[in-house]
Every structure is written in structure tokens, then in C-alpha cells.
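Letter by letter, the sequence shown follows residues 2 to 175 in my numbering. Glycine included, each C-beta is placed from N, C-alpha and C at the ideal position. Being a predicted model, the structure only gives us computed values, none of them experimental.
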Amino acid sequence: MFIVGHDGVLIGTRFSDLFENDMIGQPINTQVLPGLAAPLQAALGGEEEIDKLYTIPNPGESVILVFPVWDEAHERVLGALVAVGEFPSVQSTLSSIIPIMGISFLVFTLIAGIAGTIYGSVAARGLSTRLDRLSEGTYAWSQGDFTKLVEDDSGDEIGQLAYNLNQMAQELES
């Protein structure tokens, strides 16, 4: 960012790699920044139409904005404020996003793995207990003890199987 006086002299700079401090007070060389001449001339000429106060010398890379600075009565241009903005390149954007996405993916995978392991452990324990009851009941029946019934009151497929096996055991006992 830098300020140019109405006579084209560099008045000051802020965070600018384009001009050294010893260039302050010297006429500005518009060739230092390609595309600066037209919007700077328009701003110093009092132009306020926004289309004439900016340029994009390298599409996708940078933009030059020039703002006229008026006196209090808005009668005379005192100078121009020039701002140069750079667009991030696709490569720099991707190089900053990809590590974040990678870390997010790893954290998500780790959390999903832990949650899946906990859920699987709880679900398997309940299923294992129910299948053990079925196994104990069918073992007792294989030994001829049809008084042993399988306790499973759930309404799912294993519960229905236990109910049907209990019905069969009761019929065989009688």
C-alpha cells in the first residue's frame, strides 16, 4: 500500500516491497508495477467510476486498486491511495488445505474406529450371552432334559428362534 500525491510524487508506503524509503518524495515510476498507470491517472484526474480505478494485471494473481483522496470540500484531488492485493494461487491454497484435511481425516478415522470398537464390543457381548443361553438349552435337550427352557424375551430373530425351540422342547417333553 502506498500514497501518491496529486503531482505523481510518492508520499509514503506501508508494507510495500515495491518502493524503498529513499524513494519517498520522488516521482513514482509506474513501470515498477505493471498496470498501475491507467488507474492511477484516472484517480489523480478525479475519476470516481470504479471500473477505471482498478486493474488486474495478472488474472488470478493480483489486483491493483487506486482510490482518489479528496479535500474536505470534495473539490480537488489531493492524491491517491494505491493498494495491491494478491490472490492465493491454487497450489498455495491446496498446500495449506491438504494437511488440514489429512489430519481431519485421521482424527475422524481414529474416533470412528474407537466408537466402532466400543459399539461392537457392547453389541457382541449381548449377542454372545444370548447365543450361550441357546447353546446351553440345546445341549440340555441333547441330553434328554426338555425341562430346560431358553430365556430370551426379545422380539428379534434370535428371540423368535428361542421361542420356537422352547415350543418344540415343551412338545417333546409331553
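Nearest neighbour of residue i, chosen from the options [CA to CA]
| i | options | result |
| --- | --- | --- |
| Gln-171 | Tyr-140, Val-5, Ile-159, Lys-149 | Lys-149 |
| Asp-157 | Leu-107, Arg-131, Val-5, Ile-12 | Arg-131 |
| Gly-145 | Glu-174, Thr-118, His-7 | Glu-174 |
| Gly-138 | Glu-48, Gly-127, Met-169, Gly-47 | Met-169 |
| Val-70 | Ser-63, Val-64, Val-78 | Val-78 |
| Gly-61 | Leu-41, Gln-92, Asp-52 | Gln-92 |
| Ser-90 | Ala-124, Ser-63, Leu-41, Tyr-140 | Ser-63 |
| Ile-57 | Val-67, Glu-48, Glu-50, Glu-49 | Val-67 |
Coarse secondary structure for residue i, derived from DSSP in three states
| i | result |
| --- | --- |
| Ser-90 | coil |
| Leu-54 | coil |
| Pro-40 | helix |
| Ala-116 | helix |
| Gly-103 | helix |
| Gly-26 | coil |
| Val-108 | helix |
| Ala-84 | strand |
| Thr-148 | coil |
| Leu-34 | coil |
Cβ-based burial, residue i [other Cβ within 10 Å; buried from 16]
| i | result |
| --- | --- |
| Phe-3 | buried |
| Ile-99 | exposed |
| Ala-43 | buried |
| Ile-65 | buried |
| Val-151 | buried |
Other residues of its chain near residue i: CB distance less than 6 angstroms, five sequence neighbours each side excluded
| i | result |
| --- | --- |
| Ile-29 | Val-5, Gly-9, Leu-11 |
Own chain residues within Cβ distance below 8 angstroms of residue i, not counting five before or after
| i | result |
| --- | --- |
| Ile-25 | Leu-11, Ile-12, Gly-13, Thr-14 |
Touching or not, the stretch 32 to 45 and the stretch 70 to 88, by the rule of three or more beta carbon pairs under 8 angstroms?
yes
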